[in-house]
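Notes follow once the structure below has been shown.
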Amino acid sequence: MILDSKIPEGPLEQKWDNYKKKAKLVNPANRKKLDIIVVGTGLAGSSLAASLGEMGYNVKSFCFQDSPRRAHSVAAQGGVNAAKNYKNDGDSVYRMFVDTLKGGDFRAREANVYRMAECSLNLIDQAVAQGVPFGREYGGYLNNRSFGGVQVSRTFYARGQTGQQLLLGSYQALMRQVGKGSVQLFSRHEMLDLVMIDGKARGIIVRNLDTGDIERHSAHAVVLATGGYGKIYYLSTLAMGCNGSAIWRAHKKGALMASPSWIQVHPTSLPQSGDYQSKLTLMSESLRNDGRIWVPLKENETRKPNDIPESERDYYLERKYPAFGNLAPRDISSRAAKERIDAGFGIGPLKNAVYLDFSKAINEQGKEKIQEKYGNLFEMYLKITGYNAYEEPMMISPSAHFSMGGLWVDYELMTTIPGLFALGEANFADHGANRLGANSLLQASVDGYFIAPYTIANFLSNEIHTGKISTDNIEFEKAENEVKQQIKGFININGTKTVDHFHKTLGKLLYDYCGLARNEEGLKYAIEEIKKLKQEFYTNVKVSGQGDTMNTELEKAGRVADYFEIGELMCYDALTRNESCGAHFREEYQTPDGEALRNDSEFQFISAWAWKGENNEPELIKEPLIFEEIQPTVRSYK
Amino acid sequence: MDLHLKIWRQKDNQSEGKLVNYDLTALNPHMSFLEMLDTLNEKLIVQGDEPVEFDHDCREGICGQCGMMINGLAHGPLKNTTTCQLHLRSFRDGETVLIEPFRADAFPVKKDLKVDRSAFDRIISSGGFVSINTGQAPDATAIPITHQIAEEAFDSAACIGCGACVATCKNASAALFTSAKITHMVLLPQGKEERSNRVLNMVKQMDVEHFGHCSNTEACEVECPQGISVLNIARMNYEYSRALFFRKK
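Line by line, the protein sequences are chains E and X. For the first sequence, the residue numbers in the UniProt record's numbering are 1 to 638. For the second sequence, the residue numbers in the UniProt record's numbering are 1 to 249.
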């Protein structure tokens with residue numbers, strides 16, 4: 001199989017314009033003949049559903065939460081990037097493109113990354129017009145701050161709740177269309193299968209989570225904007241419901257999965273404090289603008305942080321990466337923290353954290369200024385830990401966060417299944433092997449507002465004569481029966497261990513063997529262990545309740561069943577990439593001073609994987625990455 | 001630590017509910033309230049009983065999905081805190097804790113502690129937005145907004161739509177939720193154009209959904225996890241009167 005990324009012709013800065021000039025349109029009168037399903041109501045899903053509704057298509061929007069406003073984009077804290085250059089500090093679309101490509105360790109497509117930077121300008125305008133209350137200067141103009149991996153201030157923010165405010169903007173746009181009747185909303189519905197007819201995506205099977213009813217929905221195009229699968233690690237910064245099921249089930253129907261092992265471990269989450277823990281809470285990266293990260297110079301230090309004099313502290317990021325210091329990119333910062341913790345310098349009750357210290361910033365700027373910038377994050381820290389971070393440093397630790405991997409998509413954001421699109425974190429595009437902070441809200445938003453509306457129209461222009469797609473089709477019946485069988489299967493196992501037990505065990509395996517660091521032996525071991533665990537799950541899981549009623553345990557069982565398969569593929573992916581790049585750090589491939597050692601001559605490609613059936617190894621298909629504009633260099637933040 | 005729990009169990013909207021007693025021992029005080037419920041559920045599942053259904057997702061105080069009455073208080077005893085951010089250190093060892101769903105006519109119980117809050121979505125759908133289509137927005141700096149106004153708008157926009165204000169109000173009024181959106185929008189120049197239609201439509205929708213009227217007890221502000229001020233309600237009332245006054249006959 002040869003992957004066609006459909007990158008338009010012409011110089012980099014003209015590719016997107018060239019595409020738009022040539023993309024086919026759908027006449028407004030024909031749009032109402034076309035149905036589109038959008039799964040997920042985060043930034044990508046709600047902005048797309050709203051946009052398509054405005055244009056006059058029939059849109060069905062699905063989410064598993066009780067309201068589209070709860071999608072996990074809501075939790076993003078620090079900001080959204082845009083190359084507006086309002087600070088006059090040398091920013092530009094080109095610089096943002098370079099920063100993002102470099103930040104992603106030169107494992108993303110140039111054309112996609114450039115388009116994201118280009119569209120960033122419009123996003124800020126769109127959000128402000130919707131009433132997003134971004135931080136402002138006293139004169140009334142928009143303010144910016146810095147994020148990791150860059151040396152300019154290009155991050156727009158709404159206190160520490162930027163994701164919430166952007167999502168409310170797109171949610172409100174969506175609800176406006178719901179009110180007008182152009183979008184039909186299905187909350188508390190979970191997609192359980194993709195329906196294909198004659199090789200095209202033509203619908204989905206969903207479970208109504210309130211009633212347990214299995215429903216069929218047809219469309220001329222299906223869009224998955226379902227976020228990432230980082231919750232596979234169980235302990236992560238993601239919401240409890242985040243999962244990979246929608247994309248995984250599409251994968252099993254033929255859509256390729258790209259770079260599944262690239263999952264970002266965020267450097268600034270709160271550390272684990274006990275076995276009962278259900279998640280790790282993120283502290284925004286924006287804190288690293290003013291917070292200094294350090295560990296004690298002495299191993300197994302027992303003194304309280306404020307009792308440790310300056311001379312006995314190791315500000316390891318400032319020491320190792322003087323040019324970027326505390327703003328070194330996430331993969332670098334996370335690994336640096338792990339290295340110090342593993343070497344015995346970790347702090348906190350479980351010795352699994354490092355300090356993020358604001359004392360210098362408070363001395364220089366005053367507590368009030370710090371409070372205004374990060375007040376809600378300090379409050380959140382106090383609520384969760386019981387400690388006051390104005391008085392002593394925060395304890396932070398790396399934890400699983402963002403999946404750079406996802407469904408393989410071409411430049412049009414279409415998967416290898418015609419008519420199936422993947423947006424935002426659900427696709428693999430734009431971030432490469434590591435995502436720069438504040439680019440996730442951006443990618444999700446521009447995919448939904450500015451890219452997919454053009455590319456989906458281009459696809460739909462060939463569908464105007466298709467006519468209504470019947471859900472009586474045999475393919476719908478087949479898919480529905482498979483879903484019902486699976487549900488019955490889970491209920492009938494009636495074993496002794498809970499779904500969460502399996503999820504936690506899988507998560508620990510992945511943290512240990514396919515987490516911040518990986519090696520060949522560990523990955524091979526993990527693949528075998530995951531297979532065993534999966535087998536045990538199917539013989540010994542206990543799912544109480546019934547299939548045809550509200551049943552959260554059943555929902556979780558389906559997600560964990562998919563996690564076993566995703567986890568296995570993550571390990572295969574990590575095993576075949578004999579290099580270190582971005583979030584993927586293979587211990588066998590590092591420089592003498594412990595930095596990632598990339599291998600461009602052999603691994604300058606995107607790994608796209610095809611499902612080959614239950615007990616068969618997946619097939620690796622390579623999409624070569626061709627760099628025309630900038631040549632990959634060794635990443636250095638020193 | 002040990003806790004005695006009295007939890008509202010209700011099979012579905014048609015069934016009668018009742019309080020059921022559960023005892024948990026050896027709990028870690030650093031555990032969150034929802035992690036305590038997870039622990040209970042693990043126990044129930046292994047015993048072959050159905051776990052307690054409750055809504056939650058982000059578990060960091062921002063998605064707005066969690067929410068229950070804990071000892072008669074929406075989201076429990078702490079000020080400005082969602083249920084997911086409440087930890088057992090806020091309870092006494094051996095304490096009896098009463099856990100019930102948010103109650104309001106407009107929030108029918110779905111199962112156990114889960115309620116239907118889609119009425120909030122319909123209020124937003126009736127006018128809680130700026131009517132701008134995608135793609136052609138003017139430059140973001142074209143209309144300056146002072147720092148103070150942006151911050152004030154943010155204070156109102158920060159509502160997470162959890163419904164605690166409704167649950168704690170003796171009239172089950174949605175005035176705080178609705179007024180927060182109206183204030184957020186009317187403070188910003190982008191939202192001013194539609195101010196009259198917005199407030200009239202949203203207030204009308206509150207009635208359609210059977211939310212009660214506000215009688216200024218201010219209980220909503222006390223229990224709001226985001227500290228949304230009742231001054232928003234005053235502004236909504238002003239906007240409503242203003243809209244009626246200027247309405248074109």
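The beta-carbon is built from N, C-alpha and C at its ideal position, and this holds for glycine as well.
is_contact[Leu280 (chain E), chain X] using C-beta, thresh 7 Å: Closer than 7 Å: no.
Thr41 (chain E) at chain X interface by Cβ criterion, 7 Å: For Thr41 (chain E), no CB of chain X lies under 7 Å from its own CB, so it is not counted at the interface with that chain.
Continuous alpha helix (DSSP H) stretch holding Arg195 (chain X): start and end: Looking at the DSSP string, the run of the alpha helix (DSSP H) that includes Arg195 (chain X) is Arg195 to Val208.
Short CB-CB distance (under 7 Å) between Glu215 (chain E) and chain X: Not flagged as an interface residue toward chain X: Glu215 (chain E), since no C-beta distance is shorter than 7 Å.
Paired residues, beta bridge with Ser51 (chain E) - DSSP: Under the DSSP definition of a beta bridge, Ser51 (chain E) lacks any partner.
Identity of the residue in E:Glu595, E:Lys304 and E:Thr576 nearest Ala608 (chain E) by Cα: The option with the nearest alpha carbon to Ala608 (chain E) is E:Thr576.
Cβ contact check for the stretch 477-491 of chain E and the stretch 459-467 of chain E: 3 or more pairs under 8 Å: Result no; under three Cβ-Cβ pairs closer than 8 Å.
Residues bridged to Glu623 (chain E) [DSSP beta-bridge criterion]: Bridge partners of Glu623 (chain E) according to DSSP: E:Ile606.
Identity of the residue in X:Ala172, X:His56, X:Arg59 and X:Ile62 nearest Asp105 (chain X) by Cα: For Asp105 (chain X), the nearest C-alpha among the options comes from X:Ala172.
Same chain only: Cβ atoms within 7 Å of Val93 (chain E), ignoring 5 sequence neighbours per side: The beta carbon of Val93 (chain E) sits closer than 7 Å to those of Ala83, Ala117 and Glu118, all from its chain and outside the five residues before and after it, given in chain order.
For Gly179 (chain E), the three-state DSSP class (helix, strand or coil): Gly179 (chain E) falls in the helix class under three-state DSSP.
Gly76 (chain X) (DSSP reduced to helix, strand or coil): Residue state, collapsed to three classes: coil.
Interface partners of Thr81 (chain X) on chain E, CB under 7 Å: The answer, in chain order, is Lys383.
Under 8 Å from the C-beta of Leu168 (chain E): neighbouring residues of chain X: Chain X residues near Leu168 (chain E): Ala157.
Arg586 (chain E) in three-state terms, based on DSSP: It is a strand residue.
Extent of the continuous beta strand (DSSP E) to which Gln264 (chain E) belongs: Following the DSSP letters along the chain, one finds Gln264 (chain E) inside the beta strand (DSSP E) bounded by residues Ile263 to Ser269.
Complete runs of the beta strand (DSSP E) confined to the stretch 74-109 of chain X [at least 3 residues]: Taken in chain order, the unbroken stretches of beta strand (DSSP E) that lie wholly in the stretch 74-109 of chain X and span 3 residues or more are 96-100.
Nearest to Met96 (chain E) (by Cα), restricted to the options E:Ala574, E:Asn439, E:Leu420 and E:Ala221: If we check each option's Cα against that of Met96 (chain E), E:Asn439 comes out closest.
Near-chain X residues of the stretch 175-190 of chain E - C-beta to any C-beta below 8 Å: Only Met175, Arg176, Val178, Gly179, Leu185 and Ser187 from the stretch 175-190 of chain E bring a Cβ to less than 8 Å from some Cβ of chain X.
8 Å contact criterion, which Glu555 (chain E) and Arg216 (chain E) should meet: CB distance rounded: Cβ atoms of Glu555 (chain E) and Arg216 (chain E) stay farther apart than 8 Å, at about 19 Å.
Beta-carbon contacts of Gly230 (chain E) that lie in its chain and below 8 Å, excluding the five residues immediately before and after: Excluding positions up to five away in sequence, the list reads Ser236, Thr237, Leu238, Cys242, Ile263, Gln264, Ala400, His401, Phe402 and Ser403.
Pair within 7 Å by beta-carbon distance, Ala225 (chain E) and Leu166 (chain E): One thing to note: Ala225 (chain E) has its Cβ no nearer than 7 Å to the Cβ of Leu166 (chain E).
Proximity of residue 640 (chain E) and Phe585 (chain E) at Cβ, strictly below 7 Å: Any question about residue 640 (chain E) goes unanswered here, given that chain E covers just 1 to 638.
Span separating the alpha-carbon of Phe345 (chain E) from that of Glu35 (chain X): Cα to Cα, the separation comes out at about 29 Å.
Spatial neighbours of Leu382 (chain E) in its chain, beta-carbon cut-off 8 Å, leaving aside the 5 residues before and after: Taking C-beta separations shorter than 8 Å and ignoring five residues to either side along the sequence, the partners of Leu382 (chain E) in its chain run Asn388 and Ala389, following chain order.
Cα-Cα separation, Ser118 (chain X) to Gln130 (chain E): Straight-line Cα distance between these residues: approximately 22 Å.
For Ala457 (chain E), the nearest candidate out of E:Lys20, E:Ile7, E:Glu13 and E:Ser5 (CA to CA): For the residues E:Lys20, E:Ile7, E:Glu13 and E:Ser5, the minimum Cα distance to Ala457 (chain E) belongs to E:Lys20.
Assigned secondary structure, Glu531 (chain E) (DSSP; H/G/I helix, E/B strand, else coil): Looking at the sequence provided, one finds Lys at residue 531 (chain E) rather than Glu. Three-state DSSP puts Lys531 (chain E) in a helix.
Neighbour flag for Ser51 (chain E) against chain X, beta carbons, 7 Å: Between Ser51 (chain E) and chain X, the shortest Cβ-Cβ separation is below 7 Å.
Chain-order list of residues whose beta-carbon lies under 7 Å from that of Trp8 (chain X) (same chain, five-residue window excluded): Closer than 7 Å at Cβ, skipping near neighbours: Gly17, Leu19, Ile99, Glu100, Pro101, Asp112 and Leu113.
Delimiting residues of the alpha helix (DSSP H) encompassing Gly507 (chain E): Unbroken alpha helix (DSSP H) run through Gly507 (chain E): Val499 to Tyr513.
Cutoff 7 Å: Gly346 (chain E) Cβ touching any chain X Cβ: With 7 Å as the cut-off, Gly346 (chain E) does not count as an interface residue toward chain X.
Chain X contact for Phe75 (chain E) (CB, 7 Å cutoff): It should be noted that the sequence gives Ala, not Phe, for residue 75 (chain E). Chain X places a beta carbon closer than 7 Å to that of Ala75 (chain E), counting this residue as a contact.
Same chain, Cβ closer than 7 Å to Asn85 (chain E), five either side skipped, listed in chain order: So the qualifying residues of the chain are Asp91 and Ser92.
Chain X contact for Ile341 (chain E) (CB, 7 Å cutoff): Not an interface residue.
Runs of beta strand (DSSP E) lying entirely within the stretch 253-321 of chain E, each at least 3 residues, in chain order: Correct list: 263-269 and 292-296.
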